[in-house]
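Enquirer: Sharing a structure, written as structure tokens. Questions coming.
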Amino acid sequence: MKIAVSIWEGKVSPVFDTASRLLVLDVEDNKETSRLELYLDEQTLIQKCSRIQVLGVDVLICGAISRHFEDMLTTSGICVIPWVCGSVTEILESYMQGNLLHSRFSMPGCNQEKGRKRKKGKQLQRHCRRMED
50 MKIAVSIWEG KVSPVFDTAS RLLVLDVEDN KETSRLELYL DEQTLIQKCS RIQVLGVDVL
110 ICGAISRHFE DMLTTSGICV IPWVCGSVTE ILESYMQGNL LHSRFSMPGC NQEKGRKRKK
170 GKQLQRHCRR MED
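With this note's numbering applied, the sequence shown has no gaps in its numbers, which climb one by one up to 182 at the end.
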């Protein structure tokens, strides 16, 4: 499985649509087997989506993301876990342990009662893990 995280100064990039760096990890049995950091220098969201597809990303963890871009990615078969903030190291550890969707990793102003209607909490993480099978 490949997990990608938008990054900025060791943290999850606050806005994925304008993010310029992506960390891509190959993971087997909840253990990292390889890691690649790359620049997203594509100019349009369609080009960024295509690049992420070509990389073979299964799960994308990011901060804020426009509905349009999120829809493009999910339609492409990529599980998007948005509105996440914090240290990339902590985020990845929590994802591997199944605890990523803890409120301490939610962007300020994001909680389960407000914002877009989407799968919540462990339901989203289980959905993303099912995609691995």
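For each residue, glycine too, the CB sits at the ideal point set by N, CA and C.
The model shown is predicted, which means the values in this text are computed figures rather than measured ones.
1) Taking a contact to mean a Cβ-Cβ separation below 8 Å, would you say residue 85 touches residue 73 in this structure?
2) Where residue 105 and residue 51 are concerned, what is the direct C-alpha to C-alpha distance, given to the nearest angstrom?
3) Less than 8 Å between CB atoms is the rule here; does residue 142 satisfy it with respect to chain D?
4) Specify the secondary structure class of residue 103 as computed by DSSP and reduced to three states.
5) Three or more C-beta pairs closer than 8 Å, one from the stretch 50-69 and one from the stretch 108-116: is that the case here?
6) Starting from residue 74, trace the beta strand (DSSP E) both ways and give me its first and last residue.
7) Using DSSP with H/G/I as helix, E/B as strand and the rest coil, what is residue 114?
8) For residue 86, list the residues DSSP reports as bridge partners.
9) Does the beta-carbon of residue 80 have 16 or more other beta-carbons within 10 angstroms, so that it is buried, or is it exposed?
Expert: In this structure, then:
1) Within the sequence shown, numbered from 1, the residue matching residue 85 stands at position 36. Within the sequence shown, numbered from 1, the residue matching residue 73 stands at position 24. The beta carbons of residue 85 and residue 73 sit closer together than 8 Å.
2) Position 56 of the sequence shown, counted from the start, is the residue given in the question as residue 105. Position 2 of the sequence shown, counted from the start, is the residue given in the question as residue 51. Straight-line Cα distance between these residues: approximately 7 Å.
3) Going by chain labels, chain D is absent from the structure shown, which holds only one protein chain.
4) Mapped onto the sequence shown, residue 103 falls at position 54. Helix at residue 103.
5) Contact between the stretch 50-69 and the stretch 108-116 is present, because at least three Cβ pairs lie under 8 Å.
6) Within the sequence shown, numbered from 1, the residue matching residue 74 stands at position 25. First-last of the beta strand (DSSP E) with residue 74: 70-77.
7) Reading the sequence shown from its first residue, position 65 is the one you call residue 114. In this structure, residue 114 counts as coil in the three-state DSSP scheme.
8) For the purposes of this step, residue 86 is identified with residue 37 of the sequence shown, where counting begins at 1. Residue 86 pairs with 72.
9) Here residue 80 refers to the residue found at position 31 of the sequence shown. Of the residues assessed, residue 80 falls on the exposed side of the cut-off, its CB having fewer than 16 other CB atoms within 10 angstroms.
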